[in-house]
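Residue numbers for the sequence shown follow our numbering, beginning at 196 and rising by one. We put the beta carbon where it would ideally sit given N, CA and C, even for glycine. Keep in mind it's a predicted model, so treat the numbers as computed, not measured. Here the structure comes first, spelled out in structure tokens, and everything after it is commentary.
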Amino acid sequence: MANATGKAGLLRKGNKSALTAAIVNTIISIIKGAAFFITGNVAMFAETMHSLGDAANQFFVYLGSALSKKMPTDRYPNGFGRLVNLVLLGAVIIVGIMSYEAIKEGYHHILHPVETSGTGTIINLIVLALAVGLESFVLFKAMKEVIHEVGAEAKGLKVIPVSFTKLGKAKPATKLVFMEDLVATIGGVIAIIGILLSYFLGWHAAEGVASIVIGVLMFYVVGKVFLDNAKGALSEADDEMEVAIAKHIFAHPEVKDIRALYAMKEGEEYHIEMKLEIDTSISLAEAIAIKQKIEAVVHAMKGVSDVIVEFEEDDGIASWSKDGPLNLELAKPQH
196 MANATGKAGL LRKGNKSALT AAIVNTIISI IKGAAFFITG NVAMFAETMH
246 SLGDAANQFF VYLGSALSKK MPTDRYPNGF GRLVNLVLLG AVIIVGIMSY
296 EAIKEGYHHI LHPVETSGTG TIINLIVLAL AVGLESFVLF KAMKEVIHEV
346 GAEAKGLKVI PVSFTKLGKA KPATKLVFME DLVATIGGVI AIIGILLSYF
396 LGWHAAEGVA SIVIGVLMFY VVGKVFLDNA KGALSEADDE MEVAIAKHIF
446 AHPEVKDIRA LYAMKEGEEY HIEMKLEIDT SISLAEAIAI KQKIEAVVHA
496 MKGVSDVIVE FEEDDGIASW SKDGPLNLEL AKPQH
């Protein structure tokens with residue numbers, strides 16, 4: 196019972212945007228699938244594949260983001276922070292398969308276009324309009340989640356432009372939900388345009404073209420998410436955070452230089468390591484007090500999970516300034 200309670204508590208820590216998106220996209224994929232079964236419209240098939248892939252993807256992302264919060268164990272002393280990156284790397288495979296299917300069916304439809312009946316067209320347009328509305332709702336929630344995660348402030352329609360500018364600093368799971376639902380919303384509009392061109396202008400291949408465009412957009416998400424999470428899995432350093440931390444460090448005049456400073460992102464959290472050169476004339480008690488102050492300030496920064504501070508004697512050679520690391524060649528000892 197205790198173990199089950201622990202798992203339930205862990206799941207509650209999962210990315211809420213991913214869970215909401217997974218539920219909504221499951222509903223949308225069922226509706227779109229029913230519409231495709233009735234009408235046989237290829238653009239609707241592409242949209243069904245898109246929503247189905249997004250739903251599966253986002254559900255796995257939710258589980259991965261929850262499991263990444265698990266505390267370190269004796270077997271895994273470094274914790275599970277990077278698990279969310281690994282799950283996302285696996286999840287893009289699903290989207291890639293769905294992208295291929297959408298492009299393949301679109302190409303087949305261009306070669307052998309099939310006209311959709313008037314009733315089928317109406318059904319498709321109603322379903323797609325409903326889907327675009329739901330996707331827009333989830334996308335806006337993801338936008339607000341981005342604003343919340345980065346600590347920015349925006350209300351109403353201002354959330355839209357601010358979320359785009361701050362997206363790079365959002366958690367991996369939130370970024371994936373944002374991008375997938377952005378593409379899903381755009382894809383729904385493209386599918387509607389393709390169906391309208393087919394019905395009113397008689398260009399029946401337009402539905403196939405729409406399917407290919409949707410598939411290409413999905414492949415863009417695959418590439419973007421893969422690159423972002425490959426960096427996370429390898430613990431990419433965050434230059435901006437390092438500069439921000441350096442400014443806090445240099446607020447203490449006893450710290451003469453920064454020998455090394457790493458702000459490494461592991462999953463949704465940051466691991467901070469630093470080696471500081473300190474004035475040798477201060478006492479051990481003063482050095483410990485400075486160390487504790489620096490640790491407290493850095494720990495309070497958003498997303499920081501652990502901080503390691505080491506002191507060394509000042510060698511008189513500048514390695515860092517308040518604006519960032521100096522030229523490494525200049526920082527090397529001269530012989």
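Original post:
Under the criterion of a Cβ to heavy atom distance below 7 Å, does A365 qualify as lining the ligand FMN?
Top reply: What this structure holds is no ligand at all, so the ligand FMN is not there to describe.
**OP:** Have a look at I531 and I489 and give me their C-alpha separation to the nearest angstrom.
**Re:** This structure gives no information on residue 531, because the portion of the chain shown stretches from 196 to 530.
Original post:
What is the DSSP secondary structure of E375, counted as helix, strand or coil?
Top reply: Here residue 375 is taken as the residue at index 180 of the sequence shown, counted from 1. Three-state result, E375: helix.
**OP:** Could you have a look at A432 and say whether DSSP puts it in helix, strand or coil?
**Re:** As a first step, residue 432 is located in the sequence shown; it is residue number 237 there, counting from the start. In the structure shown, A432 sits in a strand (DSSP, three-state: E or B).
Original post:
Among the residues of its own chain, which have a CB less than 7 Å from the CB of K159, if the five just before and after it don't count?
Top reply: Residue 159 is absent from the structure shown; the chain starts at 196 and stops at 530.
Subject >> I318 burial status per 10 Å Cβ neighbour count (16 or more: buried) >> reply: Stepping through the sequence shown from its first residue, residue 318 is reached at position 123. Buried, by the Cβ-count rule.
**OP:** Could you check if A441 is buried or exposed, using at least 16 other CB atoms within 10 Å of its CB as the buried criterion?
**Re:** Stepping through the sequence shown from its first residue, residue 441 is reached at position 246. With 16 or more other Cβ atoms within 10 Å, it is buried.
Original post:
Cα-Cα, which of P308, Q253, Q487 is closest to H443?
Top reply: Taking the first residue of the sequence shown as 1, we reach residue 443 at position 248. Of the listed residues, the one whose Cα sits closest to H443 is Q487.
Subject >> First and last residue of the uninterrupted alpha helix (DSSP H) at F231 >> reply: On the sequence shown, residue 231 is found 36 positions in, with the first residue counted as 1. Unbroken alpha helix (DSSP H) run through F231: 211-234.
**OP:** Enumerate, from N- to C-terminal direction, the unbroken alpha helix (DSSP H) stretches of 4 or more residues contained entirely within the stretch 392-447.
**Re:** Runs of the alpha helix (DSSP H) inside the stretch 392-447: 401-428, 434-444.
Subject >> Cβ-Cβ separation, G389 to A405 (assumed contact under 8 Å), whole Å >> reply: Taking the sequence shown and counting its residues from 1, the one referred to as residue 405 is at position 210. Taking the sequence shown and counting its residues from 1, the one referred to as residue 389 is at position 194. 3 Å between Cβ atoms; contact.
Subject >> Under 8 Å between C-beta atoms of V450 and I473 >> reply: Counting from 1 along the sequence shown, the entry for residue 450 is found at position 255. Counting from 1 along the sequence shown, the entry for residue 473 is found at position 278. Going by beta carbons, V450 and I473 fall inside the 8 Å limit.
Subject >> Contact set for R270: own chain, Cβ-Cβ below 7 Å, skip 5 residues either direction >> reply: Position 75 of the sequence shown, counted from the start, is the residue given in the question as residue 270. Non-local C-beta neighbours of R270 in its own chain, meaning closer than 7 Å and more than five positions away in sequence, are absent.
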